[in-house]
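**Q** I am attaching a structure below and will ask some questions about it afterwards.
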Amino acid sequence: MNATTITKMEIMSDLFILPDNQLDKVRTYLRSLLEEVKAASASSDNLYGMWYGTGFENITDLDAEVKQIRQEMSASILEREL
């Protein structure tokens with residue numbers, strides 16, 4: 022058996038020992054962990070809809086590109102004389 026399987030089996034054994042009044046806490050915690058996993062696996066680079074096919078999907082590092090553009094815009098705005 023691999024380490025993951027052993028860990029899961031140990032967790033299940035611990036659940037059988039845990040008092041009934043603590044099971045809701047475990048369920049709440051597990052659900053919060055699952056939400057974190059779902060949020061992390063959700064792609065923030067999904068450009069379907071009105072942006073699909075406009076070229077954004079060709080940018081390999083979208084976050085870095087956006088950061089660079091923001092810096093350029095900030096510099097441009099600060100250089101202006103009012």
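Residue 103, in my numbering, is where the sequence shown stops; the numbers in between run on with no holes.
Glycine residues also receive a C-beta, built at the ideal position from the N, C-alpha and C atoms.
What is the DSSP secondary structure of residue 71, reduced to helix, strand or coil?
**A** Correct three-state label for residue 71: helix.
**Q** Pick helix, strand or coil for residue 42, following the three-state DSSP scheme.
**A** In this structure, residue 42 counts as helix in the three-state DSSP scheme.
**Q** Which residue comes first and which comes last in the alpha helix (DSSP H) that contains residue 94?
**A** Start and end: 83 to 100.
**Q** In this structure, does DSSP put residue 33 in helix, strand or coil?
**A** Helix at residue 33.
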